[in-house]
Each structure stands twice: as structure tokens, then as C-alpha cells.
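Protein chains in written order, with the numbering used here: chain A, 2 to 486; chain B, 2 to 486.
There are 2 protein chains.
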Amino acid sequence: MFKDATLLEVEDAMHRSCNAFKLFKKTSLATRAALMRTIAKELEALGDHVIELAMRETHLPEGRLKNERARTMHQLVSYANACERGDWLNVSMCSASPDRVPPRPDIRKTMTPLGPVVVFGSSNFPFAYSTAGGDTACALAAGCTVVLKAHPAHPETSECVAQAIAKALEIHRLPKDVFIHLHGASFSVGEALVKNQHTKAVGFTGSYSGGMALFNWAQQRKEPIPVFAEMGSVNPVYLFNEKLSADAVTVAQQYADSITLGVGQFCTNPGILIGIDSPALHRFIEELASRMNAIPEGKMLHDGIAKAYEQRSSRAMTQKGVKVMTDPGRKPSAKSCSALLLSVTASSFLENSILHEEVFGPCSLLVICNDASEMKRVAESLEGQLTSSVIATEGELKQHQELLSIIQCKCGRIIFNGVPTGVEVCQAMQHGGPFPATTDSRFTSVGPDGIRRFARPISYQNFPDELLPDELKSANPLGINRTLE
Amino acid sequence: MFKDATLLEVEDAMHRSCNAFKLFKKTSLATRAALMRTIAKELEALGDHVIELAMRETHLPEGRLKNERARTMHQLVSYANACERGDWLNVSMCSASPDRVPPRPDIRKTMTPLGPVVVFGSSNFPFAYSTAGGDTACALAAGCTVVLKAHPAHPETSECVAQAIAKALEIHRLPKDVFIHLHGASFSVGEALVKNQHTKAVGFTGSYSGGMALFNWAQQRKEPIPVFAEMGSVNPVYLFNEKLSADAVTVAQQYADSITLGVGQFCTNPGILIGIDSPALHRFIEELASRMNAIPEGKMLHDGIAKAYEQRSSRAMTQKGVKVMTDPGRKPSAKSCSALLLSVTASSFLENSILHEEVFGPCSLLVICNDASEMKRVAESLEGQLTSSVIATEGELKQHQELLSIIQCKCGRIIFNGVPTGVEVCQAMQHGGPFPATTDSRFTSVGPDGIRRFARPISYQNFPDELLPDELKSANPLGINRTLE
Numbered sequence: 002m003f004k005d006a007t008l009l010e011v012e013d014a015m016h017r018s019c020n021a022f023k024l025f026k027k028t029s030l031a032t033r034a035a036l037m038r039t040i041a042k043e044l045e046a047l048g049d050h051v052i053e054l055a056m057r058e059t060h061l062p063e064g065r066l067k068n069e070r071a072r073t074m075h076q077l078v079s080y081a082n083a084c085e086r087g088d089w090l091n092v093s094m095c096s097a098s099p100d101r102v103p104p105r106p107d108i109r110k111t112m113t114p115l116g117p118v119v120v121f122g123s124s125n126f127p128f129a130y131s132t133a134g135g136d137t138a139c140a141l142a143a144g145c146t147v148v149l150k151a152h153p154a155h156p157e158t159s160e161c162v163a164q165a166i167a168k169a170l171e172i173h174r175l176p177k178d179v180f181i182h183l184h185g186a187s188f189s190v191g192e193a194l195v196k197n198q199h200t201k202a203v204g205f206t207g208s209y210s211g212g213m214a215l216f217n218w219a220q221q222r223k224e225p226i227p228v229f230a231e232m233g234s235v236n237p238v239y240l241f242n243e244k245l246s247a248d249a250v251t252v253a254q255q256y257a258d259s260i261t262l263g264v265g266q267f268c269t270n271p272g273i274l275i276g277i278d279s280p281a282l283h284r285f286i287e288e289l290a291s292r293m294n295a296i297p298e299g300k301m302l303h304d305g306i307a308k309a310y311e312q313r314s315s316r317a318m319t320q321k322g323v324k325v326m327t328d329p330g331r332k333p334s335a336k337s338c339s340a341l342l343l344s345v346t347a348s349s350f351l352e353n354s355i356l357h358e359e360v361f362g363p364c365s366l367l368v369i370c371n372d373a374s375e376m377k378r379v380a381e382s383l384e385g386q387l388t389s390s391v392i393a394t395e396g397e398l399k400q401h402q403e404l405l406s407i408i409q410c411k412c413g414r415i416i417f418n419g420v421p422t423g424v425e426v427c428q429a430m431q432h433g434g435p436f437p438a439t440t441d442s443r444f445t446s447v448g449p450d451g452i453r454r455f456a457r458p459i460s461y462q463n464f465p466d467e468l469l470p471d472e473l474k475s476a477n478p479l480g481i482n483r484t485l486e
Numbered sequence: 002m003f004k005d006a007t008l009l010e011v012e013d014a015m016h017r018s019c020n021a022f023k024l025f026k027k028t029s030l031a032t033r034a035a036l037m038r039t040i041a042k043e044l045e046a047l048g049d050h051v052i053e054l055a056m057r058e059t060h061l062p063e064g065r066l067k068n069e070r071a072r073t074m075h076q077l078v079s080y081a082n083a084c085e086r087g088d089w090l091n092v093s094m095c096s097a098s099p100d101r102v103p104p105r106p107d108i109r110k111t112m113t114p115l116g117p118v119v120v121f122g123s124s125n126f127p128f129a130y131s132t133a134g135g136d137t138a139c140a141l142a143a144g145c146t147v148v149l150k151a152h153p154a155h156p157e158t159s160e161c162v163a164q165a166i167a168k169a170l171e172i173h174r175l176p177k178d179v180f181i182h183l184h185g186a187s188f189s190v191g192e193a194l195v196k197n198q199h200t201k202a203v204g205f206t207g208s209y210s211g212g213m214a215l216f217n218w219a220q221q222r223k224e225p226i227p228v229f230a231e232m233g234s235v236n237p238v239y240l241f242n243e244k245l246s247a248d249a250v251t252v253a254q255q256y257a258d259s260i261t262l263g264v265g266q267f268c269t270n271p272g273i274l275i276g277i278d279s280p281a282l283h284r285f286i287e288e289l290a291s292r293m294n295a296i297p298e299g300k301m302l303h304d305g306i307a308k309a310y311e312q313r314s315s316r317a318m319t320q321k322g323v324k325v326m327t328d329p330g331r332k333p334s335a336k337s338c339s340a341l342l343l344s345v346t347a348s349s350f351l352e353n354s355i356l357h358e359e360v361f362g363p364c365s366l367l368v369i370c371n372d373a374s375e376m377k378r379v380a381e382s383l384e385g386q387l388t389s390s391v392i393a394t395e396g397e398l399k400q401h402q403e404l405l406s407i408i409q410c411k412c413g414r415i416i417f418n419g420v421p422t423g424v425e426v427c428q429a430m431q432h433g434g435p436f437p438a439t440t441d442s443r444f445t446s447v448g449p450d451g452i453r454r455f456a457r458p459i460s461y462q463n464f465p466d467e468l469l470p471d472e473l474k475s476a477n478p479l480g481i482n483r484t485l486e
């Protein structure tokens, strides 16, 4: 239905984005914030039509999609507020000391946008991490223009949302090329976008192979550019027995829900559970398996994801020492995907790197350790993660400080007695983590701090006050927080 | 005199650094700050001995080296103060809303150190960007351990400073492997350090070719890591005629001094001056040339740099349309380097990329434009820069807002009526710029914000207060600035 952009169309889009950037980068924080709030309103004004489109294209249920649209609007509005508040500019001012030897100049620092940003729509968040999603909102707040490549699994939804953004730009009389929407099912469109000379940063949420392709293209350019690829992870959960003894049923229900939420299609899906061999653990496994058996089968986002789930979960199941704990009759198929709980001993897990890989979908692997020291070895063996969770009493948490120290080096968010799914959109959220969870652990893709991904610091030395950006003017007309020295 | 570290020694050093990191990352901000202040004291306690070593190894004069040591101590102390103040942790806290649907968890965000950092000593700053220099100070403040590769042009100075750091670690009873000092004249030592699995970040100040070698090795790793390479630039200076008419003599003297400061061996050395053809410009050129002729010849840091200066300046001189404005009898040689002012028309400059390249040393190229619009084309043609300077009246600055807009996209610091040399060590300083000035324009290598290079955000969700890092505890025992939501 939609044709891939040709190489000429990509070149033209980036050129137009670059021209629009020259104007858009000069807009005030208030203008950008107003634009973002209008995009939120226009997204709402799309009504049920866009929800129906998304239901058809993604197989996600109405309730989930309505919630996701509300979340997307919340992102736009809360990042707009943060944009205007201006904390992300990290403004600092050093006043002149003309009498010092040598004299100290007047120096003032703020942030300046990087330039045109290429954003790749994600398959699993047709609203919140696609067309008008978090990356687009952050880039616009920073003063960057956006060229969005629609995800080929929901091109109509994407097209519809893009029209809402175009309308918002029109309302604010901003250049239409501030946001450009392209289609591209083929890798070559993505490659051309990332390698284009006008592209200054890339935002992506998706698979490891997809993210790494973009990252490698970006680093091979004559001018390397930052790539913010959030590539998911297995989000390990460390289970302690005292807590399990006390709360097996509650924890089992929480995790059965978390593992199967959205047919397991979340980057924060808990893919590995790690416990210490004990009657409490075995009771928990039983509880968890029986609750997972009770969860109805679900249809995945598209056939490609369903097929990959079938293949990867089958591969995991046939590894040495792996047992299937859920009902073995409920095997995943391309048509419908059932939840799967596997178990394996830590010693088998430690010697088999295949078991460390993410199975994208409602599948979790329980790793059974002989003792706490084996649990530490498992923790050490894991790669970088978006999240790690600890299910424990406070006493158990205190007793396992060394494990906690290992976990801190391996993830972006640590959760105590909770589930990793359900990423709160707030300032304190870190959604990112050491490689391979993301290609840049120093930034977040959820929360207003995500704006910082698309800007860089710039200092003005001895500049006339009236020619400084507003946030640096002596009178502080924007009233933002500034560090004075 | 000093042997290169073997590959086994590199492996051993990184392994030890990784073990020391496990302890050092847990130290309080106060402990790290105290260590840094003691390193400053021990650097001072090295007395004249280390100055004499550095004079012999670098050919830099006593006064400059004493100032540079004082600057290095100032860096250590001011970054220690910033480390303790804790603004760099960017702490934010989102309190729980248990009644919301779904309930909002308690989330608190701070920064956690990346891990062992490899720092490469620079040739042109034997103190301030070498052993106990800015990168080391920032890494220690962030809680990272450091493996330092001494620059082969001043190994004895480096060894001596390393002993001061070792003494400071001993005084604070910290593991000696928090700072490890290695020698390596061969590229293979650098390659092994960057590619080692324990290395989590790299700091470098030096040439484009050196920085890019490190960057490429780092991106080709199984786990790519950040490289903060500051690779210098030509630091363009835009000259306007009204200002030149009024102040030709003052500006000429400022720039003769800036171009020849430290025999031109600064990354902020003004290598390209851009003016508009007029009697005022020609008078300025004359003034500048005669002042540069009056500057005594100097000896460069080492033979390699002197030879490169001779070759690169000779190559620039022989390009089409290039004229030598300084006394042509004062040609650079390997023994002593004299200052060199060249000129060329903008049209010749625009068609010859060789003239856009940095000539590291006391050489500057004056690009003569026909008018302001040609000046904009020259500005557009330049690559990313550490700094750009504008010599103009306020009225001229106001008239050339489009030029200013181009300049903003191309540099990390804009200077009005001043020289780019003399980088103030303060919070508001941005020493960094778009590629190829640095490999990561989003960070600075001067000023306490440089600490942020070596840390990443981490969130704690629903964590017991007493197990949180101090900066996140509800009572705010460290008394730092925090954003509450």
C-alpha cells in the first residue's frame, strides 16, 4: 500500500529537514512546548479512527492502544513542560573578573540542538515509541527537526499520526518540514537515512540486530553521529527464599502478569528469573507455572515476531538441561502464542550463552542456583540490562550487598519487590542500560531527561547581553534554574 | 629508558583496575574529593624537581610549566569541590502515588561510574592533560579507576607525577590500583588498552589521527565504549572592518600573542582568520605580520611535532594562491619554529580542502572574502570546531545574525572580541565541539561538567531508604541539590 522512499526521496527529505532546522532551532522554548501540546491534542482528535487502524495493524487490543495513546499524549505534554522549565539546558554562568591575572572572561553555557534527527518507529509501541512518540517529542523539545521512518508493521497508523503532527505545525505556522514522514520496509531506506550527511542523530527502539546495523552505519560515516538504540534485554529477576516463602502466591501472580503483558512484547519483559534451590523456590515455580497456564494465548504484533518467538523459544527448550515448567501442550505457533516457563540449573546456564539471549515474547527462564555464591556468578555472567529486579525481604537485601554491587554495574534501573514492566514516564526514570541493552548507557529514552540526547553544550564568552539566547541573558527572562559561579 | 608495557602487562593492569573499581566505586563523594585534594598537594610537594624534568622533556619554559602545574592543582581542587557538591549526579526523585491507577512507584535517579577508564597523556600539556590532568581528575571524581598511558615525549615527568598520585592513595588507604601508570611508545599498547574487555571509557587529547584510531578500535569492540577524544581544530576567527578600523593595533597584538602562545601548540590556537577585503583589513594584516615577525623563534615539544609543522606549513604555503605575509626569511625548521602568517582569497580557500586542515604550530591563514555573503560560504564550508571567535563592534555582530547562526552549529564555544587560547577552568566552560573537533560533542573536557563523561544514570525503584546511595536517601544527608517531582 505504501511505497518505500527512494534514495532520491531520502536525500530530498534530509535536505528539507536541514533547511527547516535552520529556522526551528531558533524557536523559543515556549513555541516548541506549545507545538508539542498541540500535537497531543491533535492525536486525541484522531479519535477512534486511529485506534481502529492500530488494532488492525498490530493485533493489540483496544484498551491497551487507548492507554498507549494517553501515555503518548502525557509524554508530549510532560516533555513540553520540561522543555519550558529549561532544567535540561543545564545553564551555568561564570561572571567576569577583570582584575584577576589573567582577567577572567564572562562565560555562559547552555545547550544547542544537534540538527536533523532520524527516528525509527518501533513495532511494539505504535504510538508511544513511533511517529509522535518519545524520541520525536524529545527531539522537537531540543529544537531538532525529525525525519520519521514509519515501522512497516503499522504504516497506516503512522501515516495518520503524521497528519496530526502536520496539522499542529500548520496551526503554529511552523515549517512543514520540521517533521517529515517516510516509509521504508527495506533496510536500504534506513541505511540511506543514517548515512545521509545532514543526519545528526538517530533514535531507535527495537531488536539488537536492527539497532547494531544503525549503530555501525553511523560510526562508519566520515562524521560519526550518536545513535540512541534501545535494544531490549532479558531483565533478570533475583528471587530470595524468605520473601518467596512469605509471598509465593502474590509474587507468582505479579510475575505471571508481567511475563505475559502485551503477549510479552516489552523490552522490559522479565526473561530470566534466578533463584536458590529450596522448597520455597519450587513452590513458587509451581505457582508461577500454573498461573501462566491460565493466561489465554495471544496474537503477536506481526507474523515475523511470532515466527521468531516460535523459533527462539523452541531453540531454548531444546538446550541441554532445560525443562518446560508450563503445560507442554501449549506450544507457541505462528497463529497464537502461549506463555512459556522454562527452568535450568545455574551450571547449565553458565556454560551455554544461547540461554542468555532474549526470547522476545511471553517466555521466561528460571535459573536454579545451588547457593548465593552461584547466584553471584550468574549475575556476573550476564550482559548489560535495562532493568534488574530483586524479590527479597529487606533483611535479605541487606545480606546480599555484593550481589547488589554486581547488579548496579549491569543495569539502568533496579527494582525492589516489583516487576520491570510498566515504565513510569517521569524525570527520575532511567530507561537505558549498559551495552547491549542500549548503544549509549549515558542517556534515557523515557522521561524528560531524554531531551538531552539531542542537544550539546555551547558556551558564549564575553557576549553582548541582548544577543545571548534568552536563557543566558543577565535578567533571566525565562526564569529558569541556573548555576552561578 | 622506559619499556613499553607488554600485552600481558596491559591485561594484568586492566584486571587489577577492574578489581580496584569494585571497591573505589563505593567510596563516598567526600573520600574521592579528599583524595583529589591530596593529589594536588602531592603534586605541589614534587617541587622544582618535576618542573626541571618537564623542562628537559618538553622544551617548555619554567614559567609556563609552573603555571600549568598550578592550573592542574586548581582542576583537581575545583573538580573535588564539584564532586562533593554533587550537582553532576543530576539527582531527581519521583515520590510514590499508591492510590493512582496504576500505582506510581517511588523512583530515584543518580549517576553511577562507568568502570575502569584508560587515559592517554597528551604531549602539549605535560601536567594539565596528562597523568594527574583533567581526564584523570574527572574519572576519579566519578568513581572510576584510571589506567594512564604516559605520553612517550615526557615519560619521566609522567612517572614522577604518578608517584605523587600513588602517595595520595596510600595516605587515604585506598587500593594502589585505583591509578595504574603504564608506558607505551608503540600504538599496540594503546590498541590493547582500548580493546581490553575491562576498559569502559577512554580519555584522549591529541591529533585527529590518534583520536580516530582509538575511536575506531573502541567502536569495533564486541561491547563498544565511549571515547572522549579532543582532536583540536583550526578555531576560525571572523574579523569585521568597523572593529578593525577602530582597534587594528590592539587586535593585532592580541592575535600575534595568541597565535604564537606556547609556540602555537594549543588545540585552541587560531589557525584561520576570515576577513572582508578592505583597507582596514589590509592594515590589520600588516600590523599582525609585523608583530608576528617580532616574536622570537621557539622550540617545539618534540622533533616529531617540529617536523610535522615544517611539512604542513610548507604544504600550505605552496597551495595555489597562498601568500606568505610574515618575513619569508623566517622559515620553520626542525630546530626552531617561527611564526607564520599566510593569506589566500576565499575563492581559493573554498576549492582547496588542504587549506582547511590544522597546521599544529604558530601558523595562521588569513582568508580574504569579497563580502559578507562569501564569508558565510566560508563559515558553511568549515568542519566542527572547538571555538569560533568574532572580532566586531556590537553593531556588526547584530548585522550578521545569519553568520552567527552558522557558527553556532559548528563549534562548542563562541568568543566575542577575544582570543580562543586561554581556556578558563570553570563550570560554564564548554571545551568540546562537533566532529572532528571531538568524537563526542555532548561533553566537555575542561571544567567540572567533564565528570559527567565517566558516569551513567541509574534509577532505584521502591528501594529501602537505608540501602539507597546517600545522595538518594530521603533525609538528604549530603545536602545536595535534587529535583523533586
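Backbone N, C-alpha and C define an ideal beta-carbon position, used for all residues, glycine too. For clarity, every value in this text was computed on a predicted model and none was experimentally measured.
Asked: Ranges of the alpha helix (DSSP H) found wholly within the segment 346-395 of chain B, counting only runs of at least 4; Found: 347-351, 373-382
Asked: Buried or exposed (CB count within 10 angstroms, at least 16 for buried), Lys321 of chain A; Found: exposed
Asked: Rounded separation between Asn477 of chain B and Gly185 of chain A - CA only; Found: 50 Å
Asked: Assigned secondary structure, Glu231 of chain B (DSSP; H/G/I helix, E/B strand, else coil); Found: strand
Asked: For Phe188 of chain B, the three-state DSSP class (helix, strand or coil); Found: helix
Asked: Own chain partners of Thr146 of chain B with C-beta closer than 6 Å, once the 5 adjacent residues on each side are dropped; Found: Ser18, Ala21, Phe22, Phe25, Pro117, Val179
Asked: Assigned exposure category for Lys177 of chain B - 16 Cβ within 10 Å defines buried; Found: exposed
Asked: Phe417 of chain A at chain B interface by Cβ criterion, 9 Å; Found: yes
Asked: Residues within the segment 257-273 of chain B neighbouring chain A, beta-carbon criterion of under 8 Å; Found: none
Asked: Whole-angstrom C-beta distance between Gly87 of chain A and Pro488 of chain B, which should lie under 8 Å; Found: Beyond the ends of chain B as shown, which are 2 and 486, falls residue 488 of chain B; an answer cannot be given.
Asked: Closer than 9 Å to chain B by CB, Ser29 of chain A; Found: no
Asked: Proximity below 9 Å, CB of Thr132 of chain A to CB of His50 of chain A; Found: no
Asked: Beta-ladder partner(s) of Lys500 of chain A, from DSSP; Found: Residue 500 of chain A lies beyond the stretch modelled for chain A, which goes from 2 to 486, so this question has no answer here.
Asked: Neighbour flag for Asp441 of chain B against chain A, beta carbons, 9 Å; Found: yes
Asked: Residue burial classification, Gly396 of chain B (beta-carbon count within 10 angstroms, cutoff 16); Found: exposed
Asked: Residues near Ala249 of chain B by beta carbon distance below 8 Å, same chain, minus five either side; Found: Ala281, Arg284, Phe285, Glu288
Asked: Complete runs of the alpha helix (DSSP H) confined to the segment 149-218 of chain A [at least 4 residues]; Found: 156-172, 188-196
Asked: Test item: CB-CB of Ser29 of chain A and Asp304 of chain A under 9 Å; Found: no
Asked: Stretch-stretch touch, CB-based, cutoff 8 Å, three pairs: the segment 201-213 of chain B with the segment 229-237 of chain B; Found: yes
Asked: Delimiting residues of the beta strand (DSSP E) encompassing Ser96 of chain B; Found: Ser96 of chain B -> no beta strand (DSSP E), and no H or E assigned at all.
Asked: Check whether Thr346 of chain A and Val368 of chain A have beta carbons under 9 Å apart; Found: yes
Asked: DSSP bridge partner residues for Glu46 of chain B (one or two, in chain order); Found: The question names Glu, yet the displayed sequence has Ala at residue 46 of chain B. Per DSSP, none; premise fails for Ala46 of chain B.
Asked: Cβ neighbour criterion (16 or more within 10 Å) applied to Asp450 of chain B; Found: buried
Asked: For Met112 of chain A, the residue or residues it bridges with in DSSP; Found: A:Pro458
Asked: Assigned exposure category for Val102 of chain B - 16 Cβ within 10 Å defines buried; Found: exposed
Asked: Under 9 Å between C-beta atoms of Ser93 of chain A and Glu486 of chain A; Found: yes
Asked: Spatially closest choice to Lys393 of chain B from B:Lys223, B:Ile277, B:Val424, B:Val360, by CA coordinates; Found: Just to set this straight, residue 393 of chain B is Ala in the shown sequence, not Lys. Checking every option, the nearest Cα to that of Ala393 of chain B belongs to B:Ile277.
Asked: Alpha helix (DSSP H) segment containing Cys84 of chain A, residue limits; Found: 63-86
Asked: Chain B contact residues for Ala429 of chain A, given Cβ-Cβ distances below 7 Å; Found: Ser93, Met94, Cys95, Ile108, Arg109, Lys110, Ser460, Glu486
Asked: Backbone secondary structure at Gly265 of chain B - three-state DSSP; Found: helix
Asked: Short CB-CB distance (under 9 Å) between Pro99 of chain B and chain A; Found: no
Asked: For Val447 of chain B, the three-state DSSP class (helix, strand or coil); Found: coil
Asked: Pick from A:Asn125, A:Lys110, A:Pro127, A:Ala138 that is closest to Val119 of chain A, judged by C-alpha positions; Found: A:Ala138
Asked: Separation of Val424 of chain B from Arg109 of chain B, as counted between CA atoms; Found: 35 Å
Asked: Nearest neighbour of Leu245 of chain B, chosen from B:Leu66, B:Val391, B:Cys412, B:His75 [CA to CA]; Found: B:Val391
Asked: Burial state of Leu170 of chain B (16 or more Cβ within 10 Å); Found: buried
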